[in-house]
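Worksheet: the structure to be examined is printed underneath.
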Ligand SMILES: Cc1cc2nc3c(=O)[nH]c(=O)nc-3n(C[C@H](O)[C@H](O)[C@H](O)COP(=O)(O)OP(=O)(O)OC[C@H]3O[C@@H](n4cnc5c(N)ncnc54)[C@H](O)[C@@H]3O)c2cc1C
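In the working numbering, the protein residues as written are 2 to 826.
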């Protein structure tokens, strides 16, 4: 009997592990049943009864019409009853975009070879030249203090440069006069600008993200494209996109702004148009925009366009000089100087052909917005966050080497090292995610879920990094002024968190909520069968999806258990993994199976209520996100040729992500509403306890060292950022001080030893280097080197002070003088 039970377990494990079809299960059960009946000698009658039951069940399960009639049609009926109705806007949001690697992670069986075979995203020569030329030049023109404090805007010559060089038309095809850049190049430009001035980065980012340009490219009529795209590309039009209203922020589909289809006079002719009333706020570039992309709900009470009266959300392009458009006032978003403000209009008449795509796109605005959201969301905020992380890695590392306390560079004090190591490792993972996500967009994907993951996690990690950076800098980070290169970034971080889908909502509603429907191999098929199909077609589709779904759950349950028992030893890896990262692939495969299993059981146990259980779905989303971030990190390690020097960064970031994923799963299980099920799930997912530990301190030290040491690893980690060569600039000076400090370490060591041996004694009011020179402890050249290093160091640790009015009077006088000069000219 013992052998029989072992045989049953083995059969279940093997068939389940490989997701065998029902026919194979049937044969296996038949063989086991035959063996049992022969060996146990139940007697003829019992054998006949058992065989009859088996044949009946086997027929029902293996003959689709029978299976449908007796099982799946009944489940379909229940499913139809419990499946909540979806609004049109929800449907359009779900249908928008594509799935990519997220579907693999959701399957429980990621195909690593497919991912690694994806070519490494690369810039073209032309794109690289743009980065090395106009972008470098623009960065050199930017002075963040002048922009954010003195002018509270970009200087006119900077605006002009941005327009003239085509920065506002990076995503506009060359045929329309744009730069026609890849997503990777667009991302590289925004990233580099973000390392210099968030105002410039945002001012460039917004016209290249979701807004008039992108909507026109995808949906515009030929006439609209021919008119507007060349003007947008050359900066002759400054666009903005106005969706958010005071009453509708996150719930943007609920905008109260409306248009009524009516006849009116336009340029002396009677035309069919709309009277639009709106009240928008927070609109980036709004105060300086010449072209307002406007979203509102369109109604046609007189049925002038057809039989429908409530047409739905509609997007139109409105020149801001149209009579009745109120625009120009500004908000002050956390001391950032990018243009942002409200705008409104009451009963503003506009012709129907101002609708993007023309009258036939009336009411299709939400579909258009959702269709275009993913690409922009995959680039703008993730990229600017990576820019922030790169600047923090490079400049905080430099400062931590230059600034000493307790006679030690602060970067070598373990507490500071811990924060610095975190920044460096996060930066590696963030950049890997940026590149992989932009690469997916260049492959033609519109990754709805992955862009949400990238947006959420990059902005959150940027916030973590800037918090760490602020702690490392102490008072130097707090006192604002031209010598503070971090304070504005710290102020900026909540903006990234809030825009393009506020983060709490993105984490708790979108990542798992949308992922569970879009990326799951069967759920969307089941839903469509239930809600969109009818009769035999619905029954066949549902039956097929549902039976495959059951096999999928069994497979993932068994894989989860097997991987858990064997510490992921049998979990899939790529065909030729690097030995040093092979185990990481295995752990992701294990997490993927566990996640897929947990997701299915959660949906089964909580049904539609899971959507409201945001604490659970947020954690499930975290698991999916961590797997994505790890995948990107491992791919980057491969793409860059397995550079061993970078391994500490990979190791720290990956281990940290595994630990976070594990904590998220633990959180799901601890709070699972069906306690008995939670216990079974815990046994399955963690049969040998929770395997992952936080990354080791020693690895954290190695990461910090990369930020503290000039060299290839630091340069690779911060590649693509702007590093000023000019010592008059605070970050240029910081870089120079960093190099000078390191070069001068042997001289400092001589000084330290001389003091220790009593050869020289520090004297108040005289610099130690000078005393050492007087005693011939160091040469004249060494003294020059030491004095330069000291001058740089002192200059770098300096903070700004101002007159009582913070210099406002002086600034205003200078601006007035400028205006007089400009008028005279
Ligand atoms: C600087 C800046 C620039 C902007 N630029 C533009 C622009 O150019 N064009 C434009 O149209 N809009 C723009 N916005 C608007 C931006 O997209 C919104 O601020 C954002 O959508 C959030 O809306 P809200 O601020 O009204 O917050 P609310 O919607 O009031 O949200 C408040 C909190 O509730 C959370 N929340 C809401 N719903 C849920 C839910 N179902 N589950 C869990 N949590 C939830 C949110 O995550 C947030 O934490 C900008 C905003 C800012 C601040």
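A virtual CB, placed ideally from N, CA and C, is assigned to each residue, including glycine.
For residue i, which option in the options has the closest C-alpha, if you only look at C-alpha atoms?
i: residue 301; options: 509, 244, 560 and 260; result: 260
i: residue 640; options: 605, 578 and 649; result: 578
i: residue 628; options: 15, 110, 30 and 277; result: 110
i: residue 57; options: 31, 81, 75 and 43; result: 31
i: residue 446; options: 119, 821 and 528; result: 119
i: residue 550; options: 522, 565 and 576; result: 522
i: residue 748; options: 206, 10, 782 and 357; result: 782
i: residue 393; options: 573, 293, 720 and 807; result: 720
i: residue 791; options: 743, 759 and 757; result: 743
i: residue 487; options: 357, 735 and 429; result: 735
i: residue 651; options: 433, 663, 352 and 810; result: 433
i: residue 155; options: 189, 531 and 338; result: 338
i: residue 827; options: 162, 177, 410 and 228; result: One cannot answer for residue 827 here, as it falls past the ends of the chain, which runs 2 to 826.
i: residue 369; options: 689, 97 and 823; result: 97
i: residue 722; options: 212, 705, 391 and 291; result: 391
i: residue 320; options: 334, 797, 101 and 229; result: 229
i: residue 123; options: 777, 16, 11 and 441; result: 441
i: residue 840; options: 388, 762 and 444; result: Residue 840 falls outside the range modelled here, since the chain spans only 2 to 826, and no answer is possible.
Does the Cβ of residue i have 16 or more other Cβ atoms within 10 Å, making it buried, or fewer, making it exposed?
i: residue 657; result: buried
i: residue 515; result: buried
i: residue 274; result: buried
i: residue 46; result: exposed
i: residue 775; result: exposed
i: residue 215; result: buried
i: residue 208; result: buried
i: residue 626; result: buried
i: residue 243; result: buried
i: residue 794; result: buried
i: residue 42; result: exposed
i: residue 53; result: exposed
i: residue 89; result: exposed
i: residue 630; result: buried
i: residue 684; result: exposed
i: residue 787; result: buried
i: residue 649; result: buried
i: residue 271; result: exposed
i: residue 4; result: exposed
i: residue 563; result: buried
According to DSSP, simplified to helix, strand and coil, what is residue i?
i: residue 281; result: strand
i: residue 314; result: strand
i: residue 334; result: coil
i: residue 623; result: helix
i: residue 161; result: helix
i: residue 275; result: strand
i: residue 356; result: strand
i: residue 327; result: strand
i: residue 701; result: helix
i: residue 439; result: helix
i: residue 244; result: coil
i: residue 722; result: coil
i: residue 252; result: coil
i: residue 745; result: coil
Against chain D, with Cβ distances strictly below 9 Å, would residue i count as a contact?
i: residue 653; result: Absent from the structure is chain D; it holds one protein chain and no more.
(Q) Tell me whether the stretch 448-455 and the stretch 399-407 touch, counting them as touching only if at least three CB pairs, one residue from each stretch, are closer than 8 Å. (A) no
Q. Okay, do the stretch 368-387 and the stretch 327-335 touch, 3+ Cβ pairs below 8 Å being the bar?
A. no
Q) Okay, do the stretch 142-153 and the stretch 478-495 touch, 3+ Cβ pairs below 8 Å being the bar? A) yes
Q.
I want to know whether the stretch 121-137 touches the stretch 180-200 - three or more CB-CB distances under 8 Å.
A. yes
(Q) If contact is defined by three or more beta carbon pairs under 8 Å, each pair taking one atom from either stretch, is the stretch 654-671 in contact with the stretch 532-547? (A) no
Q: Answer yes if the stretch 570-587 comes into contact with the stretch 492-500, meaning at least three C-beta pairs across the two stretches below 8 Å, and no otherwise.
A: no
Q) Are at least three pairs of beta-carbons, each pair with one atom in the stretch 372-381 and one in the stretch 314-323, less than 8 Å apart? A) no
Q. Contact between the stretch 420-431 and the stretch 68-88: three or more CB pairs below 8 Å?
A. no
Q) Does the pairing of the stretch 189-204 with the stretch 135-144 give three or more beta-carbon distances under 8 Å? A) yes
Q) On the three-pair Cβ rule with 8 Å, is the stretch 456-470 touching the stretch 747-767? A) no
(Q) Quick check: the stretch 217-224 against the stretch 351-366, are at least 3 beta-carbon pairs closer than 8 Å? (A) yes
Q. Are at least three pairs of beta-carbons, each pair with one atom in the stretch 166-175 and one in the stretch 695-712, less than 8 Å apart?
A. no
(Q) For the structure I just gave you, are there three or more beta carbon pairs, one from the stretch 596-614 and one from the stretch 565-576, closer than 8 Å? (A) no
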